[in-house]
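First residue of the sequence shown: 3, per the numbering used here; consecutive thereafter. A virtual CB, placed ideally from N, CA and C, is assigned to each residue, including glycine. Source: prediction; values computed, not measured. All remarks here apply to the structure that follows.
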Amino acid sequence: VHDVTIGVSKYGFANDVWPTVSTPTSVTTTGIHVRKALPFSFEVGGRLSYLARSSYFAAQGEAKWALNEGFEKIPDLAVRIAYTRLFGQKDWNLGATDLDFMISKRWGVSAVTSFTPYLVARFTFVNASSEKIDFYSTETPADPSAQVATVASFPNLRVGLYRTTVGVRMTASVVSLALEATYFGGKEYSGK
3 VHDVTIGVSK YGFANDVWPT VSTPTSVTTT GIHVRKALPF SFEVGGRLSY
53 LARSSYFAAQ GEAKWALNEG FEKIPDLAVR IAYTRLFGQK DWNLGATDLD
103 FMISKRWGVS AVTSFTPYLV ARFTFVNASS EKIDFYSTET PADPSAQVAT
153 VASFPNLRVG LYRTTVGVRM TASVVSLALE ATYFGGKEYS GK
């Protein structure tokens, strides 16, 4: 696309390049997460998340292996790998692979309550691209060169990110609550 402002006026787009029902003040997601423990400290799971007021949803598959767990004096160590894919938009391709290294230690407070502080090093590898998108608003131009001029795709984005998470999980009978904070220093990316 040569110039966004020319495209906005010439092809009939509104000033909101990405229109929504109203100006969002927050982004809300809902989801479901299931996990199944397996022998030898393995765990598999999946997650579905939905972005409210949109057609976007994400599906995730994950596997986790605790290298050691349940020792009285040694912290638990675990490795987790997950792949997440975004759905709901035919022109955008977005996938992320996570590799997490976790250390935690569980302390019992009473017969039914425990607290587990944890620290996680998270590596995320993002792969994003788009199909060719026709940015022409309504009518197909008669001139073939004008038809080609309005079709473009975004370049592939392949980038690695690092985050650190610290948190604590409280488990009381069948209730589990967690409080965590994640530090992400940001990343600049430039490409063609």
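Cα-Cα separation, residue i to residue j
i: Gly-14; j: Arg-55; result: Here Gly-14 scores only 48 on pLDDT, less than 50, and its place in the model should not be relied on; the value that follows carries that caveat. Distance between the alpha carbons of Gly-14 and Arg-55: 24 Å.
i: Gly-187; j: Phe-42; result: 36 Å
i: Ala-113; j: Arg-171; result: 16 Å
i: Leu-1; j: Leu-96; result: As displayed, the chain neither begins before 3 nor continues past 194, which places residue 1 out of reach and without an answer.
i: Val-6; j: Ala-61; result: For Val-6, the predicted structure reports a pLDDT of 44, less than 50, and the residue's modelled location is therefore unreliable. The matter cannot be settled from this model.
i: Pro-119; j: Ala-174; result: 15 Å
i: Ala-123; j: Val-168; result: 9 Å
i: Thr-126; j: Arg-87; result: 13 Å
i: Ser-57; j: Gln-91; result: 7 Å
i: Tyr-85; j: Val-111; result: 35 Å
i: His-4; j: Phe-59; result: Per-residue confidence for His-4 stands at a pLDDT of 39, beneath the threshold of 50, marking its modelled position as unreliable; the derived number appears in the next sentence. Straight-line Cα distance between these residues: approximately 31 Å.
i: Pro-157; j: Phe-89; result: 19 Å
i: Val-81; j: Asp-136; result: 43 Å
i: Asp-102; j: Asn-129; result: 18 Å
i: Ala-65; j: Leu-79; result: 14 Å
i: Leu-53; j: Thr-27; result: 14 Å
i: Asp-100; j: Tyr-164; result: 10 Å
i: Leu-181; j: Phe-117; result: 11 Å
Residue i (DSSP reduced to helix, strand or coil)
i: Lys-134; result: coil
i: Ala-54; result: coil
i: Arg-108; result: coil
i: Lys-75; result: coil
i: Thr-27; result: coil
i: Val-19; result: Residue placement at Val-19 cannot be trusted, given a pLDDT of 48 that sits under 50; the coordinates are not used to answer.
i: Ser-116; result: strand
i: Asp-102; result: strand
Residue of the options minimising C-alpha distance to residue i
i: Arg-37; options: Gly-63, Thr-99, Thr-31, Tyr-164; result: Gly-63
i: Thr-152; options: Tyr-164, Arg-160, Lys-134, Leu-163; result: Lys-134
i: Val-177; options: Thr-184, Ser-131, Leu-53, Thr-115; result: Thr-115
i: Tyr-185; options: Leu-121, Leu-179, Glu-74; result: Leu-121
i: Lys-189; options: Gly-72, Ser-155, Arg-160; result: Arg-160
Cβ separation of residue i and residue j, assumed to be a contact under 8 Å, to the nearest whole Å
i: Ser-51; j: Trp-94; result: Actually they do not touch by this definition, with Cβ atoms about 16 Å apart.
i: Pro-77; j: Ile-105; result: 5 Å
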